[in-house]
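Residue 1055 is where the sequence shown starts when you use my numbering, and the numbers rise one by one after that.
Think of the CB as a built atom: it goes at the ideal place given N, C-alpha and C, for glycine as much as any other residue.
Keep in mind it's a predicted model, so treat the numbers as computed, not measured.
All remarks here apply to the structure that follows.
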Amino acid sequence: MSEPARRDGRDEAVAAPSGSRRALRRSTIVVTALNLLSRATGFIRVLATASALGVTVLGDTYQRSNQVSNLLFELLAGGMLFSVLVPGFVDLLTAGDRASARRLAAVLSGRGLAAMAVLVALVMAFSQPLMALLSAGADPATRDAQAELGAFLLWFVAPQLLFYLVGAIASGLLQSDQRFAAAAFAPVCNNVVVTASMVAFAIVHDPARGLALTTGEKVLLGAGALAGTVAMTVVPLVAVRRAGLGFGLGWRTDGLALREMAERGAWGAGHVGLNEVLVLATIVLAGSVPGGVIAYQTAFTFFLLPHALLAHPIFTTIYPHLASSGTAGRYDEFADDLGRSLRSICALVLPAAGLGAVVAFPVLAHLDMGALTSTGTRLVAMVLAAYLTGLAGYSSFFLLTRASYALGDARTPTIVNAVATAGSIVAMALAAVLLDGTALLVSFGLINAVGTTGGSIALHRHVVHRMGVAVPVAGSIARSTAITVTSCAAAAVLALAIGWDSRTDAALAAVTCVTGGGLTALATNHLLGGDLPMLSRRLRGAA
């Protein structure tokens, strides 16, 4: 094994000014609050979608078609932008060269839109065979009808790629300039628009007709999704102009180090694209279970709630700081920020995931809305509980990937993710042969947990080795795990004692679980000397 990289600049490292720390904490709180609003409106959107479409083949078809734009964008451009935008913009903005930052954004937009326009045309031209491929695992009785409807929806889904690209560039520029609010608020606009379209669809559609939609109903579904993406893009575009960083479309690359950025971006594209490949594989394999695709998508949306509220604000606001200290070789400062962030994620996410798995059953038990039946909600609850076992690993992987990018290495996260993704897909394919129904979908969640946790461990070892500075987290993980076990045990006992046979019992069980489990977590944290008091002091310091 090679020696750790030399810690250039280590001895000159200085602690970040207290004002900078307070600004970081305030930014984290702002992002958390806006993420809460985003997830609350997202929760309403999920319920509206499930109510309008149901955990049925119609819901599966809608989710499959909408996943195409996400998959293609992340596979071909999202990862590239994610890995190079913030470090590239941070370097320019730190040097005070805002004009070059705007020019870089313009070049990325101009060239990116040209490439995306070609891709959009190809998706539209081959919409029918593409949806036939995505519907391969569906019930043969409805497979052709699902593919036909999905192909129609792709004509509205594909143009979303153009807006995703511009929105990602604008958001990256804002975050690099320590402006986080607009990017965090943008999804709220998307949620509101899509929810409105689902309410309208539920009013005009007869569920008994299944996949036999009128042209107007098809347009309503497709146009609603597209309009939501447009609304989400407008928010960061307005914000960059107000910040004096507005950009148009450019092509010339004079003076911009695009070759190095393109190399890092190619690895980043592979990394994020692998995430979408895993999602696509899950969708295809889940299609063998009636309602399995929308059950998976709904459960995964709930799974992302604690990630968005507790972990996302941490790694989003720390990323520009990591990029700055990593570029300058201030590895002691880098390791301190990374260690703080990892310990915060462990202390918050592990107990939240455990309590979420317990509370999911009474909370979802009586959410019968429209086409969303009690059978569907039980399936969603079980799949959600399985996925939550890997939430800490999932969140940590996001942070550690950014840490590696901040150190100038976009290659290793992609390799680690490729191994984890390949292993997960093979395991899910094997599970699809051995299992069926609910057991199959639950196994997908457990397999995902093993893959993301293993990837986080490997990436942590790599980042530490590259810096040559230790980032201890084992003690925090052990304490947080103990806190999670005790709080979940208390919550489970309370839930089972109360039961959730009626809506009243379910509501009482949910409130009691959260209260009892939360108090148990705080008490155990106090006994073990956990990290929650440190987090509380940090939040008070931001005031």
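Buried versus exposed, by CB contacts within 10 Å (16 or more), residue i
| i | result |
| --- | --- |
| H1516 | buried |
| A1159 | buried |
| H1366 | buried |
| V1292 | exposed |
| D1308 | exposed |
| V1242 | buried |
| S1105 | buried |
| G1491 | exposed |
| L1581 | exposed |
| A1493 | exposed |
| R1156 | buried |
Top-ranked residue by Cα proximity to residue i, from the options
| i | options | result |
| --- | --- | --- |
| S1450 | S1510, G1410, L1188, L1402 | S1510 |
| L1576 | W1209, V1539, V1242, T1468 | V1539 |
| V1525 | V1111, R1533, L1513 | L1513 |
| Q1351 | L1364, A1199, A1335 | A1335 |
| L1265 | R1318, F1206, A1486, D1231 | F1206 |
| G1499 | L1299, A1340, P1416 | A1340 |
| L1495 | A1457, L1548, Y1441 | Y1441 |
| T1086 | T1355, P1141, A1353, A1235 | A1235 |
| G1278 | A1256, G1298, L1433, V1294 | A1256 |
| P1194 | L1173, F1301, V1343, V1100 | V1343 |
| R1152 | V1294, V1434, V1174, M1185 | V1294 |
Three-state secondary structure assigned by DSSP to residue i
| i | result |
| --- | --- |
| L1299 | coil |
| L1344 | The residue you asked about is not Leu; residue 1344 is Pro in the sequence shown. Coil. |
| Q1214 | helix |
| R1233 | coil |
| P1194 | coil |
| T1443 | coil |
| D1390 | helix |
| F1180 | coil |
| W1554 | coil |
| R1165 | helix |
| A1524 | coil |
| L1396 | helix |
| A1281 | helix |
| L1265 | coil |
| R1306 | coil |
| S1189 | coil |
Residue i versus residue j: straight-line alpha-carbon distance, rounded
| i | j | result |
| --- | --- | --- |
| I1399 | A1446 | 7 Å |
| E1271 | V1258 | 8 Å |
| T1431 | V1470 | 34 Å |
| G1553 | N1244 | 36 Å |
| T1566 | S1119 | 40 Å |
| G1150 | A1212 | 37 Å |
| A1460 | R1263 | 52 Å |
| N1124 | G1166 | 16 Å |
| P1183 | P1360 | 37 Å |
| Y1116 | A1254 | 16 Å |
| M1626 | A1536 | One cannot answer for residue 1626 here, as it falls past the ends of the chain, which runs 1055 to 1597. |
| A1485 | F1127 | 29 Å |
| T1578 | A1543 | 12 Å |
| L1216 | A1201 | 24 Å |
| V1518 | P1141 | 19 Å |
| G1424 | T1103 | Unreliable positioning characterises G1424 in this predicted model, as indicated by a pLDDT of 47, which lies under 50. A coordinate reading is not provided. |
| T1455 | T1466 | 9 Å |
8 Å Cβ cutoff, residue i in contact with chain D
| i | result |
| --- | --- |
| T1287 | Protein chains in the displayed structure number just one, and chain D is not present. |
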